[in-house]
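Asker: Quick note, the sequence shown lines up with residues 0 to 95 if you use numbering that gives the first Met the number 0.
The C-beta atom is built at its ideal place from N, Cα and C for all residues, glycine as well.
The structure follows.
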Amino acid sequence: MIPPPLQLAPQNEMLSPSETMNHTVSLEKFCSVYKISALDQEKLTCLGYMPGNRVVESLSNADWQHVSFSVVSWRTFLIHHHKLCKAIVRGSKSWE
């Protein structure tokens with residue numbers, strides 16, 4: 000059984016995609032900082048993920064399962080993704 004999705008921020012706290020895409024963080028750097036495995040990095044590449052791209056928050060279970068993410072790996076990735084997005088908006092490099 001698949002657990003329920005992560006709780007996202009309320010609409011008034013949602014960030015616009017353009018806010019979180021205005022940076023120079025590569026996928027390689029993102030994965031290195033958060034110790035995301037090379038295998039999961041390949042899966043993110045297959046999904047077309049660019050660090051900060053908030054579209055991943057709306058992917059269905061079928062989308063991320065299609066590239067063989069486990070529930071734990073996907074949820075862990077989303078936690079790191081949210082940390083990065085918040086740091087970008089704050090203008091902080093505290094995500095590193």
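Between which two residues does the alpha helix (DSSP H) carrying Ile78 extend?
Answerer: Counted from its first residue, the sequence shown places residue 78 at position 79. Element bounds for Ile78: Val70 to Arg89.
Asker: Taking 7 Å as the limit between beta carbons, can you name the residues of its chain near His22, skipping five residues before and five after?
Answerer: Counting from 1 along the sequence shown, the entry for residue 22 is found at position 23. For His22, where only same-chain residues beyond five positions count, the Cβ hits under 7 Å are Gly51 and Ile87.
Asker: How about Arg53: is its C-beta nearer than 9 Å to some C-beta of chain D?
Answerer: Among the chains of the structure shown, chain D does not appear; only one protein chain is present.
Asker: What residue range does the alpha helix (DSSP H) around Ser31 cover?
Answerer: Locating residue 31 in the sequence shown gives position 32, where the first residue counts as 1. From DSSP, the alpha helix (DSSP H) with Ser31 extends over Leu26 to Val32.
Asker: Let me confirm a value: Leu83 is counted as buried when at least 16 other C-beta atoms fall within 10 Å, else exposed. Which label applies?
Answerer: Along the sequence shown, read from residue 1 onward, the residue named residue 83 stands at position 84. Buried, by the Cβ-count rule.
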